[in-house]
Amino acid sequence: MQIFEILTALSHLSLQCELPLHFSQSRLLTDYYNLIKEFGGEQHSRHDHHDGGWKAIGLITSGGDVYTDKLIPGKPFLETPAMGMCPYIKEILTKLPGSKRRVRLMFLEPGSVIKWHRDKTDTLDGAISSRFYITIITKFKIVFIILKNILLMQIYEF
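Following the working numbering, the numbering of the sequence shown begins with 2 at its first residue and continues without gaps.
Written out as structure tokens, the structure is:
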């Protein structure tokens with residue numbers, strides 16, 4: 002167990018908040034199915050973080066390639082061709098303030114597991130980025146945990 006996990010659990014620190022945003026499930030699903038049909042998704046680049054069923058389609062990536070899932074030094078973050086196939090997701094993103102770096106449609110195949118991991122660029126003191134999660138399709142059996150906080154994510158909620 003990492004030191005920040007212990008501190009988070011002991012302090013009851015919550016790093017989540019629900020934003021007063023609402024989305025159209027049917028429009029999100031339309032974008033989702035368009036992207037899956039065209040691109041299918043590639044395995045997440047960090048194979049030590051999952052058992053093989055975690056996949057992603059890049060919408061904004063380092064260099065603008067749909068299947069690039071990590072920072073490439075010297076390559077700016079650009080919209081990928083996939084972004085052009087999801088107008089509603091693009092509309093949502095333009096409403097969120099700030100620059101967008103890595104934006105991905107991520108999905109987990111049935112029965113797959115994302116292992117506990119920590120992303121090195123996420124810090125409490127650096128405040129260089131935020132993460133937003135919009136659930137498009139889920140099952141009530143799914144458990145999503147961020148720093149010991151269990152999130153019961155509803156469809157189209159952060």
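For glycine and all other residues, C-beta sits at the position ideal for the given N, C-alpha and C. None of these values were measured; they are calculated from a predicted model.
Is DSSP giving residue 11 helix, strand or coil here? In the sequence shown, the residue the question calls residue 11 occupies position 10. Three-state result, residue 11: helix.
Within a Cβ cutoff of 6 Å, which residues of the same chain sit near residue 90, ignoring the five residues on either side of it in sequence? The residue you call residue 90 lines up with position 89 of the sequence shown. Result list for residue 90: 32, in chain order.
Rounded straight-line distance, which links the Cα of residue 29 to that of residue 80: In the sequence shown, residue 80 corresponds to position 79, counting from 1. In the sequence shown, residue 29 corresponds to position 28, counting from 1. If I take the Cα positions, the gap works out to 18 Å.
Which class does residue 157 belong to by DSSP, given the choice of helix, strand or coil? In the sequence shown, residue 157 corresponds to position 156, counting from 1. No answer about residue 157 holds up, because its pLDDT of 45 lies below 50 and its placement is not dependable.
What is the DSSP secondary structure of residue 27, reduced to helix, strand or coil? Counted from its first residue, the sequence shown places residue 27 at position 26. Note: residue 27 maps to helix in three-state DSSP.
For residue 82, tell me which candidate among 95, 74, 67, 88 has the shortest Cα-Cα distance. Within the sequence shown, numbered from 1, the residue matching residue 82 stands at position 81. The residue with the shortest Cα to Cα distance from residue 82 is 67.
What residue from 11, 24, 104 has the CA that sits closest to residue 136's CA? Within the sequence shown, residue 136 is the residue found at index 135, counting from 1. Per the C-alpha coordinates, the member of 11, 24, 104 positioned closest to residue 136 is 24.
Helix, strand or coil at residue 20 according to DSSP, with G and I counted as helix: Along the sequence shown, read from residue 1 onward, the residue named residue 20 stands at position 19. It is coil, neither helix nor strand.
Specify the secondary structure class of residue 136 as computed by DSSP and reduced to three states. On the sequence shown, position 135 is the one that residue 136 refers to. In the three-state scheme derived from DSSP, where H, G and I count as helix and E and B as strand, residue 136 is classed as coil.
Could you tell me the distance, in whole angstroms, from the CA atom of residue 36 to the CA atom of residue 94? Working through the sequence shown from its first residue, we reach residue 36 at position 35. Working through the sequence shown from its first residue, we reach residue 94 at position 93. Their backbone Cα atoms lie some 16 Å apart in a straight line.
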